[in-house]
Every structure is written in C-alpha cells, then in structure tokens.
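These notes are about the structure you will find just below.
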RNA sequence: CGGGGCGUAGCUCAGCCUGGUAGAGCACCUGCUUUGGGAGCAGGGGGCCGGAGGUUCGAAUCCUCUCGCCCCGACCA
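Written as structure tokens, this is what we have:
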C-alpha cells in the first residue's frame, strides 16, 4: 500500500501501524518530569529530552507541532501575512546596530565561528527583518507589509523547566508589520489580534488576551495571550465572557478599519489582567459568576513598538510628499511548541491526554483486540485504509488492556475498538476520549462519525 | 545566579550509613497456556554503578575534583 498524505498535514507520513511505529509510550513516569503535560508528553512518546530544555520531537509529537503550525499558517494567510524563513544563526553585527547585542544578557546564546566572528542563535528577529525591509522597501507605497516565519528560537534560560513549556529551544511563529503611519500600524496590530483569537479558537484552547506592559510607548497596543495552566508564570484574572466570544462566526473583516476597531473595543471591554496590572476595583466590578483566576501560561504576545528598530537601524522610506518617513513597526509571536504543552495542561485527565480534534496527531486509533483473527484483521484494515493516514492502527500483539491504556494515554479523540464479539455482530465500538462515551455502531456509522 | 536533591539495566527504584566484586518490579527475547481495561508459568539476554583521580589487599559503597539532570527562589517567548 502506498503512503497517503494526511489530509491536513504539510508533511507526508507513512501509514501508521503501531507495530511498526516509533511511538515509544512509557508505562511509568520518568523521574525528571514534574508537571502533567511534561509527564504525558514523555509517556505518550511525543518527545524525548536531549539536554536541559532541549527536546527531540518524535513522529507523533511532530504531527501535533505540524497541526498547530498549519492552523497558524492558515489564519496568518487569511489576515494577509506572508510566510518566509530566516536563519537561526545570525551575525552579531546587526544586533550591535540596534544595541541589543550588549543589552540582551546571558539569555542570548553567543557563538564564535572559525574566523572568530561573533554569531548568535536568534531568540527573536526584529533586527534581521528590519535589515531585510530597509534593503528593499524605499517608498511608502510599498507599505504596509506583514511578514512572518515559524522557526526554532533559542533562549538560554537559567532554569529550563516544565518540559516544552519553558524550554530553551522553542518553535515559534514570529511576525513583523511595517506601516507608513500610526493609524495604519494600529490596523495591523488589530488585524493580528483578530487572527490570533481565531487561531487559538480553532486549536481548541481559549487564550485570553490581556493588556500587557507597553513600557514607554503606552497605549493599549500590547497584549499577551494566556492559557490557564497551574505551571503558568503569572497569576491572572479575567471575565469568563472572554472564553465565550466566538471569533470564527463573527464577521469582523480584516480590511475594514471600523470592524477592527470594534473588535479591539470588544476585547478591551472585558476585564483581563495579569498580577502586575491587576486592578481590584475593576475586578470587583466583574459579575462574581464571571470571575476567573489562576495561573496562566503565555502562548502568544503582540506589540506595537513604533520606530524603535526602524529608527536605530536607519530604515527610511519616501513619504507621500517626498519627505523621508520612518516606518512604524509591530511584532507578533505565537509559541508553537509551548502550545503543545499548554493544550495538554488544559486538556487531560488521569489516564492521559485528551487532544482537541484540530491538533490531535491522529483523528482516531483503531484497536484490533484480536490480532490474527481473520475477521478482526479484515475489519481493521478496511477502516484503516479509509482514513488515509489520519488514524493510528494498533495492530500490536498486545493484550486489550494495554491497547486501551495506550490509546487513552495518547489521547486520540476517537477509539474504534474492533473485537471478535462485535465483528461477529457486524459492529465496532466507538469510544469518545473526551466524554468517555462508548457505543456499539456499524462500521459505516463509525466512519461517518469520525471522518 | 543563590539554596537543596539525585545520577546503579530501556523505565521506576533498592543496595551506599557499617567496603568483599550487582539486585527487584516493569519492559525485552524463547516456549507453553491465556486473551474486552497494562495476564500466568518456565527459561533467557542486558549494567565501565555519570566521569576522573585518591585511600585500601579489595570501592557502586569512603575522600577529592568534575560533568549532567531535577526541585525551590530570582528570571522567564
């Protein structure tokens, strides 16, 4: 049988038979993992730690990473952002221009090549993107521009922890806007914010936008997007209405400035703040039933920073009247690898992960409870072929209990359980991981429910 | 970077105090029995006891140094 591409994945995977797969699940919890998502990622065979804060992504984990990245790409495209790819290793000279080479501190990983030139492993890319923009963009008529990449970054954290959520190497979408003036920059900012809300909603997590500290620039043009997780870096407070808003059904247009302003106003009309910006008086004004508080992990952040980099790096273009103007910039991040951990923190139980369908490595697991039984094998292969790579077939010569436990652990949204009893009756059992519901259904009905 | 802890089989750990040449459970391999929520019996493979140096007739065990990992704090896309 020829490999079939996963319908949603940019990568082509081979068919996934568990008996032939590299998905090393662990019955026991590795000693180094303390929190749920870290434990479950190791146990479900998604990642293996290579060094402190650095992980190898195994086949199932890579699928999740890809699914998240695909959702990000689709929503970035919808908002008009263009994807590109920047190098991880960069010359220190660019960073000396902005002054950040010295300002950044020991979190920046510095490297020296054979010619004794200073390099660094980029933790973010304002310098590089500004350099590319200034080489190319000469007129206000070439603005606005919205560019992004999804690339590995490195921050040499003093103390990496919580697995992939606070690692040193991380996979992140970083985007940058260039605009001719403040008004246009604000529209770019709001456009990204709307795109973020749609992106997170499609992933099956509710990331709450919170006003972040904007430093000397001020205004309401920096937000952090936070998912509740016990291991979060800050205490957060918000109005639960922010969990209910449906941005996918809303018809805010990316092109219409009034729509964008209305959207921004809607978000800011509900209370949401981290510990540092918490305001007791405003909190008291939130209806008691709507108050939500807890630890929160940041999965995205956006900010407008005006001409901070364009000015320092001498990025100028010709304006409408022929005079020189300095483009206004913003930057926009989504922690793709961090989201894998954050989603698990938000969606798991005693038995394992509960994947939201949009990011699950496999839509379903097909459990063959009696490998070698002609009927079971035939039904399983039939179902499996129809999934075209989107399902995982557990064809291992294992006991039923072990298959159930692994399927629960790996968190597939659906389990299609094929046993001799059902096969004789022409049915399979369909289990929903999230609700735990199991029902006897025909093969056709199982397929139509899951596919 | 301050404080604490841990490195022994793929995983979880015992052994270390009181030195005598390496263990358990799970996993893995073979056979038989079993077969719908991590089976049973029998047999088997697998460890430079993180690394280096020292003390000793003898070191997983004692001493020194070193590397790695984890936890608390400060920090944190």
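In the numbering used here, the protein residues as written are -5 to 445. We put the beta carbon where it would ideally sit given N, CA and C, even for glycine. This one's a predicted model, so the numbers in the text were calculated from it and none came from an experiment.
Along the chain, where does the beta strand (DSSP E) that runs through residue i open and close?
i	result
residue 106	103 to 106
residue 230	228 to 233
residue 196	Run containing residue 196: none in the beta strand (DSSP E); it sits in the alpha helix (DSSP H), 176 to 197.
residue 142	139 to 148
residue 169	163 to 173
residue 85	83 to 85
residue 426	421 to 426
residue 359	358 to 362
residue 452	Residue 452 is absent from the structure shown; the chain starts at -5 and stops at 445.
residue 115	112 to 115
residue 351	Run containing residue 351: none; DSSP gives neither H nor E here.
residue 97	Premise fails: residue 97 lies in the alpha helix (DSSP H), 94 to 97, not in any beta strand (DSSP E).
residue 267	266 to 268
For residue i, is the classification buried or exposed, using 16 other Cβ atoms within 10 angstroms of its Cβ as the cut-off for buried?
i	result
residue 470	No information on residue 470 is available, as it lies outside the stretch -5 to 445 that the chain covers here.
residue 14	exposed
residue 438	exposed
residue 343	exposed
residue 71	exposed
residue 88	buried
residue 431	exposed
residue 152	exposed
residue 16	exposed
residue 109	exposed
residue 418	exposed
residue 410	buried
residue 249	exposed
residue 315	exposed
residue 117	buried
residue 101	exposed
residue 99	exposed
residue 46	exposed
residue -4	For residue -4, the predicted structure reports a pLDDT of 42, less than 50, and the residue's modelled location is therefore unreliable. The matter cannot be settled from this model.
residue 176	exposed
residue 242	exposed
residue 78	exposed
residue 281	exposed
Can you name the start and end residues of the alpha helix (DSSP H) that residue i belongs to?
i	result
residue 243	Element bounds for residue 243: n/a, residue is neither H nor E.
residue 437	437 to 444
residue 256	251 to 262
residue 323	Careful: residue 323 lies outside any alpha helix (DSSP H), inside the beta strand (DSSP E) at 322 to 329.
residue 38	No alpha helix (DSSP H) contains residue 38, which DSSP labels as neither H nor E.
residue 377	368 to 381
residue 389	Note, residue 389: premise wrong, no alpha helix (DSSP H); not H, not E.
residue 72	53 to 72
residue 399	394 to 404
residue 127	120 to 130
residue 275	274 to 278
residue 133	Residue 133 -> no alpha helix (DSSP H), and no H or E assigned at all.
residue 304	302 to 306
So, under 8 Å CB-CB, residue i and residue j are touching, yes? Tell me the CB distance rounded to an integer number of Å.
i	j	result
residue 381	residue 354	Contact flag wrong, Cβ pair sits at about 13 Å.
residue 86	residue 113	6 Å
residue 300	residue 323	7 Å
residue 363	residue 397	7 Å
residue 19	residue 400	5 Å
residue 308	residue 90	About 14 Å; that fails the 8 Å criterion.
residue 205	residue 297	With a Cβ gap of about 11 Å, residue 205 and residue 297 do not count as contacting.
residue 414	residue 369	7 Å
residue 233	residue 265	5 Å
residue 35	residue 335	7 Å
residue 352	residue 65	6 Å
residue 348	residue 427	5 Å
Per DSSP, which one or two residues make a beta bridge with residue i?
i	result
residue 217	205, 296
residue 311	319
residue 49	43
residue 90	Paired residues: none, contrary to the question.
residue 287	231
residue 76	141
residue 222	290
residue 346	343
Can we say the segment 320 to 333 touches the segment 288 to 296, given the rule of at least three CB pairs closer than 8 Å? yes
How do the segment 177 to 190 and the segment 257 to 274 stand: do at least 3 beta-carbon pairs fall below 8 Å, yes or no? Yes, the segment 177 to 190 touches the segment 257 to 274.
Quick check: the segment 91 to 100 against the segment 137 to 148, are at least 3 beta-carbon pairs closer than 8 Å? no
Do the segment 214 to 225 and the segment 193 to 205 make contact, defined as three or more Cβ pairs closer than 8 Å? Counting Cβ pairs under 8 Å, three or more are found: they touch.
Given 8 Å, three or more beta-carbon pairs between the segment 41 to 59 and the segment 162 to 179: The count of Cβ pairs closer than 8 Å, one atom from the segment 41 to 59 and one from the segment 162 to 179, reaches three, so the stretches are in contact.
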